[in-house]
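In the numbering used here, the protein residues as written are 36 to 326.
Note that the Cβ used here is the ideal one computed from N, Cα and C, for glycine as well.
Notes follow once the structure below has been shown.
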Amino acid sequence: MIKSMTGFGKSVCELRNRKIVIEIKSLNSKQLDVNYRIANGFREKEIEIRNLVSEKLQRGKIDLLISVENAGDSSNYVINKEIAKKYYRELKELTSDFEEKDISDYLLVVMRMPDVLVPEKDEIDEKEWLKLFDTIQSAVEEVENFRTAEGNSLAKELRFRNEKILNLLNEIAPFEKTRMDNLKLKISKDLYDIAKKEDIDKNRFEQELVYYQDKLDITEEKFRLQKHCEYFNETLDETESQGKKLSFITQEMGREINTLGSKASEANIQKIVVQMKDELEKIKEQLFNIL
36 MIKSMTGFGK
46 SVCELRNRKI
56 VIEIKSLNSK
66 QLDVNYRIAN
76 GFREKEIEIR
86 NLVSEKLQRG
96 KIDLLISVEN
106 AGDSSNYVIN
116 KEIAKKYYRE
126 LKELTSDFEE
136 KDISDYLLVV
146 MRMPDVLVPE
156 KDEIDEKEWL
166 KLFDTIQSAV
176 EEVENFRTAE
186 GNSLAKELRF
196 RNEKILNLLN
206 EIAPFEKTRM
216 DNLKLKISKD
226 LYDIAKKEDI
236 DKNRFEQELV
246 YYQDKLDITE
256 EKFRLQKHCE
266 YFNETLDETE
276 SQGKKLSFIT
286 QEMGREINTL
296 GSKASEANIQ
306 KIVVQMKDEL
316 EKIKEQLFNI
326 L
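Structure representation (structure tokens):
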């Protein structure tokens, strides 16, 4: 069973008359790359949150957002009255130096000054943390379910492309005899162009033909490619998602297909090889998103 690295999960809970919203978005990446945006009051639990996300999601570019939506008259911020008063006094002193004395919106100006509104210190207790932890787990499970569903779709596509390569491999057989006959004729013609027929050692000629036939034989490459394709399907069926392993297998498939193309010396087989390469590239594109 394979999983996609693409996923989304959302979960909500309530703490102290506030709605806590957990959102997790996952995209493909070679490694685990997590970006956290955690509301004030929960940052002390960042390590536990990181451990949970890393253990469950393993790989991908992951954005995790923990936001707070207040209900009623509750607020995440408090006014730093001492600083506000200091700003107010200094503004009054400053305006006394100007001719314009009627500056009445001191409060509006003061509230916009730095450090007047500060985040409320709001540490959560163990019971609240357990509730929040369960909520994060629910969001992670949603991501996992999303990844599994996407993985099932990708698996069908990968099997389809892999089967096409196997079918194309079977299409090579009818052209192999023609290929070797044409090779024999070409070597004979080239040889007769540079030497008289009666001067040619037939035994040596037959030996050279056997040498070239053996050198250009593609039986072994066909066999290995078939085995790699079968192993690819077996890996798709493994319990754990094996994106990296599948990538390694496609590298081996590519090597065999390239060798087939270099040894082919026959137009029809080379066309088939080009089609195989096309299918393999489509497989590789999909594997970028496999966990």
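Apart from the five residues just before and just after residue i, which ones in its own chain have a Cβ nearer than 6 Å to its Cβ?
i, result
"Ile-59", "Gly-44, Leu-99, Ala-174, Val-178"
"Glu-163", "Leu-50"
"Thr-183", "Lys-38"
Which residues in the same chain have their Cβ closer than 8 Å to the Cβ of residue i, if we skip the five residues on either side of it in sequence?
i, result
"Gln-66", "Arg-94"
"Thr-285", "Phe-267, Leu-315, Ile-318, Lys-319, Leu-322"
"Ile-207", "Ile-253, Lys-257, Leu-295, Ile-304, Ile-307"
"Asp-68", "Gly-95, Lys-96, Ile-97"
Do you know offhand how far residue i's Cα is from residue j's?
i, j, result
"Phe-168", "Leu-129", "51 Å"
"Phe-77", "Cys-48", "14 Å"
"Gln-172", "Ile-97", "15 Å"
"Lys-330", "Thr-294", "This structure does not reach residue 330, given that the chain is present from 36 up to 326, and the question cannot be answered."
"Ile-84", "Glu-90", "10 Å"
"Met-146", "Lys-116", "10 Å"
"Lys-280", "Glu-273", "11 Å"
"Lys-127", "Arg-72", "39 Å"
"Tyr-246", "Leu-218", "12 Å"
Please state whether the Cβ-Cβ distance between residue i and residue j is less than 7 Å.
i, j, result
"Leu-251", "Lys-312", "no"
"Ser-39", "Leu-189", "yes"
"Thr-41", "Glu-185", "yes"
"Asp-140", "Ile-118", "no"
"Val-88", "Ile-55", "no"
"Ile-82", "Thr-170", "no"
Which residue wins for smallest C-alpha separation from residue i, given the options the options?
i, options, result
"Val-144", "Tyr-122, Asp-160, Lys-219, Leu-326", "Tyr-122"
"Leu-326", "Arg-290, Ala-302, Lys-212, Gly-278", "Gly-278"
"Glu-161", "Gly-289, Tyr-247, Lys-280, Glu-79", "Glu-79"
"Arg-259", "Met-288, Tyr-246, Lys-280, Thr-274", "Met-288"
"Arg-196", "Leu-271, Glu-176, Glu-81", "Leu-271"
"Ala-302", "Cys-264, Pro-209, Asp-68, Thr-274", "Pro-209"
"Arg-290", "Leu-218, Val-69, Cys-264", "Cys-264"
"Ile-101", "Asn-75, Arg-124, Lys-120, Lys-221", "Asn-75"
"Glu-269", "Lys-212, Ile-73, Leu-220, Arg-194", "Arg-194"
Counting only the same chain and skipping the five closest in sequence on each side, list residues whose C-beta sits under 7 Å from that of residue i.
i, result
"Lys-166", "Cys-48, Leu-50"
"Val-308", "Ile-292, Leu-295, Gly-296, Ala-299"
"Met-148", "Tyr-122"
Please look up how many angstroms separate the CB atoms of residue i and residue j, rounded, as I've assumed it's under 8 Å.
i, j, result
"Ile-37", "Ser-276", "5 Å"
"Leu-204", "Gln-310", "Their Cβ separation, rounded to whole angstroms, is 10 Å, which puts Leu-204 and Gln-310 out of contact at 8 Å."
"Gln-261", "Met-215", "Gln-261 to Met-215, Cβ: 20 Å. No contact."
"Leu-92", "Ser-46", "Actually they are not in contact, since the Cβ atoms of Leu-92 and Ser-46 sit about 15 Å apart, beyond 8 Å."
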